[in-house]
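Asker: Here the protein sequences line up with chains A and B, keeping their order. The opening residue of the first sequence carries number 894 in this note's numbering; numbering runs sequentially from there. The opening residue of the second sequence carries number 201 in this note's numbering; numbering runs sequentially from there. Think of the CB as a built atom: it goes at the ideal place given N, C-alpha and C, for glycine as much as any other residue. Quick caveat: nothing in here was measured; it's all calculated off a predicted structure.
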Amino acid sequence: MTSDLASETLPAHGSRAKTHGAWLALGIFVLLLALAPMAVPPFYVTLLNYIGLYGLVALGLLLLTGVGGLTSFGQAAFVGIGAYTTAALSTGVVAVPATFAWAQHSPWIALAAGLLLTLAVALVLGALTLRLSGHYLPLGTIAWGMALYYLFGTFEQLGGQTGMAGIPPISVFGIKLESANQMYYLIWAFVLVAALTTQNLLDSRQGRAIRALKGGRVMAEAMGVDTARSRLVIFVVAALQACASGWLYAHLQRFVNPSPFSLQYGIEYLFMAVVGGAGQVWGALLGATVITVLKQWLQDILPALLGRAGNFEVIVFGALLILLLQRSRSGLWGLVARFLPKANRARTLPVAADSLPRREMPPRGELMLEAKAVTRRFGGLVANDAMDLSLHAGEILALIGPNGAGKSTMFNQLSGVDKPTSGQVLLRGEPVAGRGSRAIAQLGLSRSFQHVRLMPEMSVLENVAIGAHQRGRRGVLAAAWRLDRQEEARLLAEAARQVERVGLGAHMFDEAGSLALGQQRTLEIARALASDPCLLLLDEPAAGLRLREKDALGELLRRLRDEGMGILLVEHDMDFVMGLVDRVVVMDFGQKIAEGRPEEVQQNPAVLEAYLGGVDE
Amino acid sequence: MNAQIAVLLGQDGISNGAIYALLALSIVLVFTVTRVLLIPQGEFVSYGALTMAAIQAGQPSAIVWLLALLCAGSAAVDVAQVLMRSERAPALRWAFAGKLLYPLVMIGLVYTLPLATLPMALQIALTLALLMPLGPLLYRLVFQPIADAPALVLLIVAIALHVSMVGVGLLVFGPGGASTTPLVDAMVEVGGVRIKGQTLCVIAVALVLIGALYLLSNRTLYGKALRAAAMNRMGARLMGISPVFAGKATFFLAALVGAMSGVLIAPMTAIYYDSGFIISLKGFIGSIIGGLVSYPIAALGAVAVGLIEAFSAFWASTYKEIIVFTLIIPVLLWLSLTSRRVEEDEA
């Protein structure tokens, strides 16, 4: 099939108008922002400044929490690093070595220093916690936030609890930004740049890898995504945005003290991201606005209502957030989005994109995958007992056996999800046991899952494009600044080709979660094919398919075999298996009990006994 | 530092450590059974300390109104549920009556008893009676409706609850700090070393509670049900163990442990409405040392936190909190290096 197929079959109508609509909305938003300081009283300009500062932090958290499914309570501490670095350097309180004297007193150089410091801290914290399960990052960031807050308060040089004054204003092209109105433009320029780059990032190869994190690391790794790196990237990006916000804050206030960088503010930032919610860039700004305005209002009325002073607004914040999460997990933006036209991400496809380079298929009959005496024990249970298995190019092999025979365990050993207790797995002659599924994916093995692992809110096309992840090279910065468009077009064209190939072309832009289960399984095959494999491991691909879909699947697998691919099926559907495969391996109680052509195996007494029970004589 | 100071610091460290250990156990228990990281654990501590202080000062603590409010809220949710689907009404009837009667009894007690002159054991009992029901009530209102949510959502809700409870603490107890009279005022001399009776008392109570938790979870059917729910939620549900019961029971224990810790710690240091968080964070560090799963390691880790805190207060008092909180970094490093490379997905 050729790449121009895409141009004929895609429902491209209306998409251009929608894109224009989005640009128009953005244009109006920017225009309103630009005019606001001239039209509203100073109090509101100050409020908008704070919304911008908080929004910048919330945007990073949105990427981390709303999209990546991780969370941090330490963002306020990163804000603090930005603010205190510039306070120390631009006031000259902390002396720098003579060679760097030129850097003293310059806010812009202080910004660079703050970002570097933040980068270093975020890398260390991330490296410590991100390999662990999801709970260690928040706990680690709580501890880090507390420690840094106390540190700000104890350094006499940094003014201790009283803080530091006399921070100079920022100069842009020789203009000193001394008033709140002047800072307003700088703050919102930062926010808009951050929002647009975040949106660009999400709509890219790296963005798909980040969005796939929520679907569990097993799937993403099997598609060649370095999940530890993706997690680290969003943590670092969120920290850097927080740091920039702190820098702006210090030069807006011209004064810093430790209290705005306490854990309490770290929690408030998280609330903003969650209240906005829904993994949408604009949700973060909505959340920042709602929380900032609500806080202002509650701080006015609650003490009067309760007859005493205190931060009682936190009671309402907490209760509101609990109610919101009980009712709408996608936050306020989720509620707003119901009334907006559907997001139109990647509605059009690049028509004339070059196709991606393909792996050279091994010659037919080459030994591709070999398991030698693979044994896997779970405590006393031997799930795989000295299993031997071989798979050649241009061959379909079925691994069958009664429930509990150890097929899925074997599948996990071969695909690198699990590590054999003893024995070897050779993939095209290379030992791969214990090397992890990402390394195995790079060698040309791709797979589907017994329990479908898709990103239900992403489109069919985007899900399949995750499979093509390892065929792209462009990184996070390229994605943020749209330097990746050529490669992105080729990846999407490839994904579209695979969607068409498995017969899901009519659902190209539908949410994957809206497909029937059988179609979701087929989608997983398309995703596996998008990685350009020479070996395909399919875990019960025919389960849940209707007869005609099964026939189409069989046809597809035959075609792949003829192209030289090696295919291993774990399957229960005997009709499907027997008419399709070249060889069958039968397992029972962790051992191989038979191997051969389908018709041989069907006559094998050991197999009959395993499936039907022994015959009394 | 001489031996005398070392003994003094050691006592402080061990008695604080014993309390952190109690909290760490409770955090691990709640986490394994419900997947909730109970950030509000510390609020039960400050509520316990401040309620005890109010009782000793002879004031009817306003916390009883919070209890009444939560009971009423919970009863209202029950009614709404029964109206929506009329099943299980008989089972709820008793719970419903209890939720209305219990706060009335408590209000009666708090406003009629001569609180200040009660024997200390009764004061403690009253404190616990006021605070323990908050655990299951909060579980009912806050976590039960989202018991199946992703762990991240549960964590954020736990944080939201913590923030709210701190605010309520300020409203109910005011901004002032409070200390209570020691449980035991005597000094004991062991082998020429003078040991504070309060220290022994804290250690004894902590050991008794830990022992009771151990017996409960290993020797009773209910305890075994909780452990089963912790190991495999779906399996436990299929065996007829109600996840709602398991959740409420663990929150009840968490409230008991928290309030009792507050009663124990209040004679040693002044407690404010927001002190609980820092105290429970140290319990969290203990439970992280235990990898959020192991009870004995978590308890030992928490005692170590107490000791390190006491000695760093002597050597570098300004950096005390910084030292305690950065302690987590080598622990995380160790956990990170020993963990498997790609974990299975969270439930």
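#1: Tell me the rounded alpha-carbon separation between Val-1086 (chain A) and Val-1174 (chain A).
#2: If distances are taken between C-alpha atoms only, which option among A:Leu-1179, A:Pro-934, A:Phe-1128 and A:Ala-1177 comes closest to Thr-1022 (chain A)?
#3: Does any residue of chain A have a CB that is nearer than 9 Å to the CB of Leu-450 (chain B)?
#4: What does Ala-360 (chain B) touch in chain A if you count any residue whose Cβ is under 7 Å from its own?
#5: Going by CA-CA distance only, name the one from A:Leu-1416, A:Ala-1291, A:Leu-941 and A:Met-1076 that's closest to Pro-1349 (chain A).
#6: List, in order along the chain, the chain A residues whose C-beta lies closer than 8 Å to that of Thr-518 (chain B)?
#7: I want to know whether the region 1283-1290 of chain A touches the region 1248-1257 of chain A - three or more CB-CB distances under 8 Å.
#8: When you compare each of A:Asn-1356, A:Ala-1326, A:Ala-1421 and A:Pro-930 to Tyr-1078 (chain A) by their alpha carbons, which one comes out closest?
#9: Measure the alpha-carbon distance for Val-1017 (chain A) versus Gly-1506 (chain A) and round it to whole angstroms.
#10: Taking only beta-carbon atoms, is Met-365 (chain B) less than 9 Å away from chain A?
#11: Considering only the beta carbon of each residue, do Ala-879 (chain A) and Ala-1113 (chain A) sit closer than 9 Å?
#12: Starting from Met-387 (chain B), trace the alpha helix (DSSP H) both ways and give me its first and last residue.
#13: What's the call for Gly-881 (chain A), buried or exposed, on a 16-neighbour Cβ count within 10 Å?
#14: Going along chain B in order, which residues have a C-beta closer than 7 Å to the C-beta of Gly-1033 (chain A)?
#15: Let me confirm a value: Arg-1024 (chain A) is counted as buried when at least 16 other C-beta atoms fall within 10 Å, else exposed. Which label applies?
#16: Can you tell me whether Gly-213 (chain B) is buried or exposed, with buried defined as 16 or more other CB within 10 angstroms of its CB?
#17: So the beta strand (DSSP E) Ile-1460 (chain A) belongs to, where does it begin and stop?
#18: From Ala-1020 (chain A) to Ala-1036 (chain A), what does the alpha carbon distance come to, in whole angstroms?
#19: Buried or exposed for Val-279 (chain B), going by 16 or more other Cβ atoms inside 10 Å?
#20: Taking the beta strand (DSSP E) that His-1285 (chain A) falls in, what are its first and last residues?
#21: Report yes or no: is there a C-beta of chain A within less than 9 Å of the C-beta of Phe-525 (chain B)?
#22: Could you pull out every unbroken alpha helix (DSSP H) segment of at least 4 residues lying fully inside the region 1126-1205 of chain A, listed in chain order?
#23: Please report the straight-line C-alpha distance between Ala-502 (chain B) and Leu-409 (chain B), rounded to a whole angstrom.
#24: Which residue from B:Ala-224, B:Gly-210 and B:Met-434 puts its Cα closest to that of Asp-348 (chain B)?
#25: Name, going along the chain, the residues of the region 938-970 of chain A whose beta-carbon falls closer than 9 Å to a beta-carbon of chain B.
#26: Secondary structure at Ala-1264 (chain A), three-state DSSP: helix, strand or coil?
#27: Could you give the DSSP three-state label for Ile-359 (chain B): helix, strand or coil?
#28: Are the beta-carbon atoms belonging to Leu-1141 (chain A) and Gly-945 (chain A) less than 9 Å from one another?
#29: So the candidates are B:Leu-535, B:Asn-202, B:Lys-448 and B:Ser-261; which of them puts its Cα closest to the Cα of Leu-341 (chain B)?
#30: Can you name, in chain order, every residue of its own chain whose Cβ lies under 8 Å from the Cβ of Leu-361 (chain B), other than the five neighbours on each side?
#31: Secondary structure at Asp-1119 (chain A), three-state DSSP: helix, strand or coil?
#32: For Met-365 (chain B), which three-state DSSP category applies?
#33: With 16 as the cutoff for other CB atoms within 10 Å, does Ala-295 (chain B) come out buried or exposed?
#34: Using a Cβ-Cβ cutoff of 8 Å, what residues of the region 436-450 of chain B are near chain A? List them in chain order.
#35: According to DSSP, is Arg-1331 (chain A) helix, strand or coil?
#36: Could you work out which residue in B:Arg-394, B:Ala-272, B:Leu-318 and B:Ala-249 is closest to Pro-303 (chain B) when comparing CA atoms only?
Answerer: This is what the structure gives:
#1: One C-alpha to the other measures close to 12 Å.
#2: For Thr-1022 (chain A), the closest of A:Leu-1179, A:Pro-934, A:Phe-1128 and A:Ala-1177 by C-alpha to C-alpha distance is A:Phe-1128.
#3: It is worth fixing the name first, because residue 450 (chain B) is Thr in this sequence and not Leu. Not closer than 9 Å to any Cβ of chain A, the Cβ of Thr-450 (chain B) fails to qualify, so no.
#4: Those are Gly-1211, Leu-1214 and Ile-1215, listed as they occur along chain A.
#5: The candidate whose alpha carbon is nearest that of Pro-1349 (chain A) is A:Leu-1416.
#6: By Cβ distance, chain A contributes Thr-1047.
#7: These segments touch.
#8: When each option's Cα is compared against that of Tyr-1078 (chain A), the closest is A:Pro-930.
#9: One Cα belongs to Val-1017 (chain A), the other to Gly-1506 (chain A), and the distance between them is close to 58 Å.
#10: Chain A contact via Cβ: present.
#11: Nothing about residue 879 (chain A) can be reported from this structure: the residues present for chain A run from 894 to 1510 only.
#12: Boundaries around Met-387 (chain B) are those of the beta strand (DSSP E), 387-390, since no alpha helix (DSSP H) includes it.
#13: Nothing about residue 881 (chain A) can be reported from this structure: the residues present for chain A run from 894 to 1510 only.
#14: At a C-beta separation below 7 Å, Gly-1033 (chain A) has these neighbours in chain B: Ile-528 and Leu-532.
#15: Buried, by the Cβ-count rule.
#16: Here Gly-213 (chain B) is buried, its C-beta having at least 16 other C-beta atoms within 10 Å.
#17: 1459-1463 is the extent of the beta strand (DSSP E) around Ile-1460 (chain A).
#18: Approximately 15 Å, taken between the alpha carbons.
#19: By the 10 Å Cβ count, Val-279 (chain B) comes out exposed.
#20: That run of the beta strand (DSSP E) goes 1274-1285.
#21: For Phe-525 (chain B), the closest Cβ of chain A is nearer than 9 Å.
#22: As for any alpha helix (DSSP H) of minimum length 4 sitting wholly inside the region 1126-1205 of chain A, the runs are 1156-1169 and 1174-1199, ordered along the chain.
#23: Rounded to whole angstroms, the gap between the alpha carbons of Ala-502 (chain B) and Leu-409 (chain B) is 15 Å.
#24: Closest option to Asp-348 (chain B), Cα to Cα, is B:Met-434.
#25: Of all residues in the region 938-970 of chain A, only Thr-958, Gly-962, Leu-963, Thr-964 and Phe-966 come within less than 9 Å of chain B when Cβ atoms are compared, listed by chain position.
#26: Strand, per DSSP.
#27: In the three-state reduction of the DSSP assignment, Ile-359 (chain B) falls in the helix class, which pools H, G and I.
#28: The beta carbons of Leu-1141 (chain A) and Gly-945 (chain A) sit closer together than 9 Å.
#29: Minimum Cα distance to Leu-341 (chain B) is reached at B:Lys-448.
#30: Counting only Cβ-Cβ distances below 8 Å, and skipping sequence neighbours, we find Ile-239, Pro-240, Leu-338 and Val-342.
#31: Note: Asp-1119 (chain A) maps to coil in three-state DSSP.
#32: Residue state, collapsed to three classes: helix.
#33: Ala-295 (chain B) counts as exposed, since fewer than 16 other beta carbons sit within 10 angstroms of its beta carbon.
#34: So nothing in the stretch comes that close.
#35: Here Arg-1331 (chain A) sits in helix by DSSP.
#36: Nearest option by C-alpha distance: B:Ala-272.
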